[in-house]
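Peer 1: This is the structure, below, for whatever I ask next.
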Amino acid sequence: MRKRTQQAEDFPEQRTPSSRPAATPGRASTESARAASSRRRQRKVEEKRRAITEAALDQFSRFGLHGTSLDQIATLADVSKTNLLYYFSNKEDLYVKVLHEHLTWWLVPLEGFSDEQDPQQVVGDYIRRKLEASRDQPQASRLFCLEMIQGAPLLSPILVSELNDLVRRKATVIRNWVERGAMAPVDPYHFIFALWATTQHYADFAVQVEAVTGRTLQDADFFEETVQNVQRIVLHGALANTPVGPAMLDQAGAG
1 MRKRTQQAED
11 FPEQRTPSSR
21 PAATPGRAST
31 ESARAASSRR
41 RQRKVEEKRR
51 AITEAALDQF
61 SRFGLHGTSL
71 DQIATLADVS
81 KTNLLYYFSN
91 KEDLYVKVLH
101 EHLTWWLVPL
111 EGFSDEQDPQ
121 QVVGDYIRRK
131 LEASRDQPQA
141 SRLFCLEMIQ
151 GAPLLSPILV
161 SELNDLVRRK
171 ATVIRNWVER
181 GAMAPVDPYH
191 FIFALWATTQ
201 HYADFAVQVE
211 AVTGRTLQDA
221 DFFEETVQNV
231 QRIVLHGALA
241 NTPVGPAMLD
251 QAGAG
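Take a look at the structure:
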């Protein structure tokens, strides 16, 4: 017995394999099934959460925070109110999350502004993308508009932090475009406000647009006409080398 033990110690490569059981086809199949089941559960959770937020966006954009009930949202999302409250602690929590999610998505095009870019190209692209957002997600724009009209009681913390930081950074980019002569001397903040106003108008005042023109952005020809006209109005105004008063020059160069 002692001799066999000594041989094992002298020649470790001859030791017996680990006692850990090798994976068998049956065990691998079980683990694969568990992983697939976990993915299905996660997918169902995501689908249910998305159904709730989409229903909430629909109701909040039409009736506002105080005119909407959790029962209405749950019914539209085809979930129980108890199930809804499993994902969102209360109506205000759901409202803020829906607003924040769409505000983040809505501001993505503005993130694309950078010093080295040609403002004619980047601003033209921005206008198209914002009008696409007004066409494809008009409810999100209307909900944001409602919140602003009411004084942004729940969104103010995000406005004075995330939104403020983004706009300040992009105002610096626009100011740099002006300084290198790529843009007319416009105030960066007023320029951004004008971009927001002209593009979001087609979502927030869609009823008015349709009443006057008989058309909406869902009409492909009208959409292209809108893009081209807003681009022409904004770009020809902001990029044209037209004389301006000294006050505007001072504002454009101000930090």
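Each residue of the sequence shown is one higher than the one before, starting from 1 at the first, in full-length UniProt numbering. Beta carbons are placed, not taken as given, at the ideal position from N, Cα and C, and that holds for glycine. Since the structure is predicted, the reported quantities are computational estimates derived from the model, not experimental observations.
#1: As a quick exercise: from Q218, K170 and G181, pick the residue whose alpha carbon is nearest that of L110.
#2: According to the Cβ coordinates, are A203 and R129 closer than 8 Å?
#3: I want to know whether the segment 112-126 touches the segment 173-183 - three or more CB-CB distances under 8 Å.
#4: Alpha carbon to alpha carbon, what distance is there between L94 and F88?
#5: Taking just the CA atoms, how far does V167 sit from V160?
#6: I need the straight-line Cα distance from W106 to R40, nearest angstrom please.
#7: Look up A184 in the DSSP assignment and say whether it is helix, strand or coil.
#8: Looking at the structure shown, is T216 part of a helix, part of a strand, or coil, going by DSSP?
#9: Which of the three DSSP states is assigned to F205 in this structure?
#10: Do T68 and V98 have their C-beta atoms within less than 8 Å of each other?
#11: What is the residue span of the alpha helix (DSSP H) that G124 lies within?
#12: Which whole-angstrom value describes the C-beta separation of L103 and I174, a residue pair presumed to lie in contact below a C-beta threshold of 8 Å?
#13: State the Cα-Cα distance for the pair Q208 and R215, rounded to the nearest angstrom.
#14: So which of V45, Q231, G124 and T213 has the shortest CA-CA distance to Y86?
Peer 2: This is what the structure holds:
#1: K170
#2: no
#3: yes
#4: 6 Å
#5: 10 Å
#6: 30 Å
#7: coil
#8: coil
#9: coil
#10: no
#11: P119 to D136
#12: The Cβ separation is near 21 Å, so there is no contact.
#13: 10 Å
#14: V45
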